[in-house]
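Student: Quick note: the sequence shown uses full-length UniProt numbering, first residue 1, plus one each step.
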Amino acid sequence: LHTNILSVRKVVLVKMSNSSSPSTRPMRLAKQGAYETMSNVLGLSRSHHKVSQSVSGNGSSVSVNPRALDEILDSNNPSVSAVAQSRSQKRKSPNDSEVVFTTPKRGRPAGRGRGRPPNRPVLDKEASLYFLIKEGKAALIQVADDWIEHYQKDADLAVMDLIQFFISSTGCKGIVTLNDIRTDDFSQLIRKMTEDFDEDSGDYPIIIAGLQWKKFRRNFCDFVKTLIKQCQYSVIYDQYLMDIIISLLTGLADSQVRAFRHTATLAAMKVMTALVEIAVRLSQSLASVSKQFETERTKQRKGNQRIEALMQKKHEYSENKDEIINMLDYIFKSVFVHRYRDSVPEIRSLCVTELGEWILNFPEHFLDDSHLKYVGWTLYDKVGEVRLRCLQTLLPLYQEEQFAPRLELFTNKFKVRLVSMVLDKENETAVLAVKLVTCMQRHFPALLVARDNEMVYELIYSVHRGLALAAGEFLLQQLFNVKTPGRTRSRQECKATNKSVIRDLVQFHKESKLHEHAAYLVDSLYDSHDLLKDWTAMTELLLHGDDKQPLDREDESLLIDIMACSVKEAATGEPPIARSVNKKYVTQKEHKQVQDDQARLTEHFAEHLPVLLQKFTANPRDLENLLTIVQRFNIEVYGAAHYLNHLNALVKCLEEIFERHADEELLGTCSRTYECLCSEKLPVHVRPLVTGSTLIDLTMLKLRQEIQQFNSVDGALDEEDIVTLITSMRRIEALHQCHDLSKWDVWDLIFPIVKQRQDYAVPPNPEMMRLSVKTCYWSLLWALKAIADGQSFEDSIPKLKQQFQQFCTCCRELMESPVNETAETTYLILCDLLLIFGWSLPERNEELTALVFEADQSLEDQLEQFVRRKVFVDDAAQAGDVTDEEAEIVKTHRRRIYLAAFCKLVVFGVVTVASAVHIFKNYVTFQSDFGDIIRVLLNRCRESDKMGWAKTMIRALCALYQETVVRSELDPENRDKISDAIYVVHELAKRFAMSFGSDPTKTREAIVTLHREGIDFACAADLNTATGKAPRDLPFLEALNELSNRLLKQDKRIVLNYLNRHFNGVRVGVDGEWQPLITYRNSLVESEDEAALMPPPPLPPPLISATVNKGQVPPPLSLTPSMNVSSPFVPVAASSFLTRRTARTGTTVDTLMEVDFEEDFAVVQLNGFLAKIDNQRRFWKKILHGNEKSEERLMKLASNGSEWFISKMENKKIENCAYTIINKYYELKLMIAYSNRTICPGSFAVVPVGNMEFEKRKFGQADESTFVNLHQHP
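Rendered as structure tokens:
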């Protein structure tokens, strides 16, 4: 025995040294292989991991524990492997000083026994692991338990099934055999599976879209984790199963095949996750046993057997934990370290996500810089999804207080990158970055510098609400040091704290220099803290100030603005404009919260608002903000008796504001506030306090007196009287917005100023004209509302119609006013009136049909000219210098309003779609300013009028082309310059192509019409059939080429036919001026075969004239330079055939072309018809061929045949049959030319196709045998 052991020492060392290779299994499998080799040398047979030697005589067997072999090696050879020695000591029990004749603690399950194993059992797909997991018909725990039971009975077959499961999960169809798993590594198996894998498809099970495959991915991950967890109490430590799994997944994860690499990485990561959970459980058990051991040891009892049991269990838990950690480290270094930087983003995301789970669940092993560095490096990934996964990994770690000290080094190293990610282009990533920076600042207060804080502060005004809320939390923590109260504070403490924070908030808003966006600041902080609902503290600051740091005048205005915005959000629950919330409905809890907040703010401000209005009555902006608070009231509160005095004080404040101020916006807000107080929700017993006000009466009386004075002096008022009149008109216009003043005859009082403006000795002031037009506009709307509500008289409709027509006439005149404010206001009012009195007016009330007004062509042109003058203007070209950025923003906003007003008229059919040509034309030029509006207009026009929409687009392209390209002859000198100039036309065509939608069948007629009109434009002028000169607008076809891919296949044939008809008889050359035509035609040809079947353009009219005398033979056709074999208009098959024929027989090309090819060009008049000969052959019954005396009938077919076919094209079946006839005849003539025979066509007839009779035309007698012989020619 000793001699045999010494002889295998080298074998042991070789196997153990080879096991360290990355391509082989881990150390445990190599050592196990060494045991097997030793057993074979010793003549021992292995069963259940025991080395047995038969003893002659009694048939008994002596079992040798594997760790005893280590001791034998140690005792006989001191140079044995150190790894084996340490392994023996680790496995050695306290009393194990010699060979132990017992069953080992762990061991591989029994194999099959002796005999040749089958190469591969019959595979039952329905019983396979892959089928069970894919279908999900069995519980995963039950599947895992069944497999473990199978493994304990026959380990090889069970492992083979598991490997087959992993291979099948990659999408590979290969079959695993027993021989494949009996090698030291799986490189041969992976190579074999790679050969069987179909890499043509980029999909594999774990990434295929669909509910079934998403469920499979989820079940795959759950099964892998479940299997490992279920094995933790049985076979996970047998040194065989985990070696097999880890080796296989490591090899697959290193494959060049993406499916193998991705699937194996996913499985390996889930195996690690399951092992981490086992390690955590072992750590907990080890800690519990250690605590019990220390407790028992303190009792100091002699011979305490419990201490020995606890010590043995502690040793076992520690050994198991060490083995699990070894597995984790091996998988991490073999798979994760290589795949976290994989070329596939999904694999990188997977690795980082799972690493976060390991760190969070097992921090004692993974929460260190050696593992965190991989997350830090991945923060620089180019793919947003990977960066997002990194932040999702780090955020839970920073939210745990106990992890902060261990994250300090990582934070200092990657701080710059983490802070910069708050400006990430992916909003979701930026949100997590802000939250992470907030946690970093909480743990490390001195970490961020001022510049870092400012980067986050700027995000408070972001349009993305989630990003703004995260930045708001950072602001509350960093700037104000506000946290959620951990203890109950007194009311006085809360009030003092809130007042201090509010004061600091005002200062922050002041320093941000974004005073117009207080609503965004409030919304960013509203959900983070109840600070902005403390209206009591705000009111006290405004009324009584702050003793420590009083507010100045600007601070008070900012605080009023913040308070008004917080009231609006509390009463409505809506964020500011552009901060949309993806909520389909409001929950009952949220609705209840809004109602409670509205009741609370009403109770507070109903008492204090009159006092605030009186204090800030000199500032229009402050008054406007304070009055908006009334519009958020729950008016029913005023029904209580103790609020009557407050309501009376509020009404008096409104009257004072109206009398004192002339600001147009403030007067409008005051009018809307007065409307809220006059609503029906106000209790009946207090309504007279509001309706009894003399506000409207006094204002109307004063205005009437001033207008009478203005008329009496024929408009010659002094400057002070003009200002007084304008102020009164502003007040009436503001009141008329929300209140019906018809009983005061406002129309009869104001409209004469508009109508008779030119009759005054001194023309009315432009501001007077603007206010007069607006007041008349409100009068018309109130009159229309009265008729719609049934509150009108018999003559109301004719009277309103007359007033409307008179007002429209005046508006059209005022639109041409040199005063911009007057013209622009009139334009907007006229657009609104045309929309209101449009064709949709009777839908609300049939009695209003008589009021419908239809815009004539002159009015459409006038509105379009206004848009051209005021909207599509290049300020840079006009001004020539840099203007104020803020003023430019305001100007752009006004232009967007003008454009949107006209677009609404187009969308609702008030004006025709053709009037939008200029708008469509400027889609690309003004993309940054008006692109979103024009895009919506395109989509809405497509839905309402597809044909008009298509014609408008092609006219816009033509107009832009004419403006961009100088209309001159195309010569080599300016060809390059023109190509650069029409780049904008190409871009516009691309934008139009994207507006056709995803379903081309819905816009089929529209796109064909567009192409036809585009061809007409390109060929409209200078089409000279004699000189072969290209039309000057032919380059337009290059832009039209951008829209060819929107045509259906059958429609391309129609457009190609239409194109060829335009070039009928034109000698097309191959030089550069014809290149646009060649390019466009090629885009209409689906394939080379169709190009071969497409006949060339016909010859000039003299060759195909119908006036040829009987018996006259047309002159032979020579191959001109503009019509050579390589010309794109010569079929591909024909040109290649002629080339081969010339090379083989020596016949010249001219000779071949002279053989009846003039008859070909004459017969095939239906240019552009693409035939599908193979699909149509079953419709053919007979094609007859005539004799040599058919020239006259051939010419008759040439002149009249095409017209007859075209007249039949409306019927699809006749059209298809015509395609087949023409192409079949053309194919026949090519065969005639090939055989160098002159056989004139005699006649052809076609039997009925389907249920449609096709008219028979007879031109001679048939020679069927000739046709058959020709058709069989090679």
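Every residue gets a Cβ at the ideal spot worked out from N, C-alpha and C, and that includes glycine.
Taking the alpha carbon of K192 as the point to measure from, which residue in F293, G174, I208 has its own alpha carbon closest?
Tutor: The shortest Cα separation from K192 among F293, G174, I208 belongs to G174.
Student: Looking at V143 and V157, is the spacing between their C-beta atoms short of 9 angstroms?
Tutor: As written in the sequence, residue 157 is Leu, which differs from the Val given in the question. No, the pair does not count as a contact, with Cβ atoms beyond the cut-off.
Student: I'd like the span of the alpha helix (DSSP H) that includes P610, first residue to last.
Tutor: That run of the alpha helix (DSSP H) goes 588-615.
Student: So, at 8 angstroms on beta carbons, what are the nonlocal neighbours of Y898 in its own chain, with the 5 sequence-adjacent residues on each side left out?
Tutor: Within the same chain, Y898 has close Cβ partners E824, Y827, L828, F866, V867, K870, V871.
Student: Roughly how many whole angstroms lie between the Cα atoms of D697 and V936?
Tutor: Using only the alpha carbons, I get a separation of about 46 angstroms.
Student: Just confirm the distance between the C-beta atoms of S349 and V386, as a whole number of angstroms; I'd bet it's less than 8 angstroms.
Tutor: Rounded, the Cβ-Cβ distance is 5 angstroms, consistent with contact.
Student: Here's the rule I'm using: 16 or more other beta-carbon atoms within 10 Å means buried, otherwise exposed. How should L1056 be labelled?
Tutor: Flag for L1056 reads buried.
Student: If you draw a straight line from the C-alpha of F908 to the C-alpha of L835, how long is it?
Tutor: Going by the C-alpha atoms only, they are around 8 angstroms apart.
Student: Since S742 and W782 are thought to touch, with beta carbons under 8 angstroms apart, how far apart are those beta carbons, to the nearest angstrom?
Tutor: Confirmed, Cβ separation roughly 6 angstroms.
Student: In this structure, does DSSP put V143 in helix, strand or coil?
Tutor: In the structure shown, V143 sits in a helix (DSSP, three-state: H, G or I).
Student: Rounded to whole angstroms, what's the CA-CA distance from residue 1284 to R417? Just pull it up for me.
Tutor: Within the shown structure, residues of the chain are numbered from 1 to 1274, placing residue 1284 beyond reach of any answer.
Student: Beta-carbon separation of Q549 and R503 under 9 angstroms?
Tutor: Yes, the pair counts as a contact, with Cβ atoms nearer than the cut-off.
Student: On the DSSP letters alone, give me the boundaries of the alpha helix (DSSP H) that I577 sits inside.
Tutor: Counting along the chain, I577 falls outside any alpha helix (DSSP H), and DSSP gives it neither H nor E.
Student: Just checking my contact of S234 with L286 at CB under 8 angstroms: how many whole Å lie between their CB atoms?
Tutor: About 20 angstroms; that fails the 8 angstroms criterion.
Student: How would you write the range of the alpha helix (DSSP H) that G931 sits in, first residue to last?
Tutor: Per DSSP, G931 belongs to the alpha helix (DSSP H) from 927-944.
Student: Report the rounded CA-to-CA distance for R389 versus C351, giving the unit in angstroms.
Tutor: Approximately 9 angstroms between the Cα atoms of the pair.
Student: Report buried or exposed for W839, applying the criterion of at least 16 other Cβ atoms within 10 angstroms of its Cβ.
Tutor: The residue in question, W839, is exposed, as its Cβ has fewer than 16 Cβ neighbours within 10 Å.
Student: Check whether the segment 637-644 and the segment 583-595 are in contact - that is, three or more C-beta pairs closer than 8 angstroms.
Tutor: Cβ pair count under 8 angstroms is below three, so no.
Student: Could you say which of T699, M272, E569, E149 lies nearest to E354 if we only look at CA atoms?
Tutor: The candidate whose alpha carbon is nearest that of E354 is M272.
Student: Closest by CA to E659, which one among K702, D561, A253, Q284?
Tutor: Of the candidates K702, D561, A253, Q284, the one whose C-alpha sits nearest the C-alpha of E659 is K702.
Student: Hey, which unbroken runs of the alpha helix (DSSP H) at 4 residues or more fall wholly within the segment 173-249?
Tutor: Those alpha helix (DSSP H) runs which fall completely within the segment 173-249 and span 4+ residues are 187-196, 211-231.
Student: How far does the alpha helix (DSSP H) with H262 in it extend, from its first residue to its last?
Tutor: 258-298 is the extent of the alpha helix (DSSP H) around H262.
Student: Compare the Cα-Cα distances from L558 to each of V522, L654, T587 and report the closest residue.
Tutor: With distances taken between Cα atoms, L558 lies closest to V522.
Student: Is T1107 helix, strand or coil when you go by DSSP?
Tutor: In this predicted model, T1107 has a pLDDT of only 32, less than 50, meaning its place in the structure is not dependable enough to derive any value.
Student: Using only the alpha-carbon positions, how far apart do E987 and F414 sit?
Tutor: About 43 angstroms.
Student: Please state whether DSSP places M815 in a helix, a strand or coil.
Tutor: Residue state, collapsed to three classes: coil.
Student: Please check the pair R465 and R579, which I expect to be a contact at CB under 8 angstroms, by giving their CB distance rounded to whole angstroms.
Tutor: About 4 angstroms; that satisfies the 8 angstroms criterion.
Student: What separation, rounded to the nearest whole angstrom, lies between the Cα atoms of R896 and D452?
Tutor: Near 37 angstroms, if we compare the C-alpha coordinates of D452 and R896.
Student: Using the C-alpha atoms, what's the distance from C810 back to K755?
Tutor: Near 7 angstroms, if we compare the C-alpha coordinates of C810 and K755.
Student: Report yes if the CB atom of L960 is closer than 9 angstroms to the CB atom of G1014, and no otherwise.
Tutor: Contact flag unset, no.
Student: Anyone know if the C-beta pair for E843 and T775 falls short of 9 angstroms?
Tutor: Contact: no.
Student: How is the alpha helix (DSSP H) around T1079 delimited, first residue to last?
Tutor: Looking at the DSSP string, the run of the alpha helix (DSSP H) that includes T1079 is 1075-1084.
Student: Can L623 and F616 be called in contact, C-beta distance under 9 angstroms?
Tutor: Against a cut-off of 9 angstroms, the Cβ pair of F616 and L623 comes out as a contact.
Student: From what residue to what residue does the alpha helix (DSSP H) around D759 run?
Tutor: Note, D759: premise wrong, no alpha helix (DSSP H); not H, not E.
Student: Quick one: give me the first and last residue of the alpha helix (DSSP H) that N1045 is part of.
Tutor: From DSSP, N1045 is part of no alpha helix (DSSP H); its letter is neither H nor E.
Student: Considering M768, what are the terminal residues of the alpha helix (DSSP H) in which it resides?
Tutor: Its alpha helix (DSSP H) spans residues 766-788.
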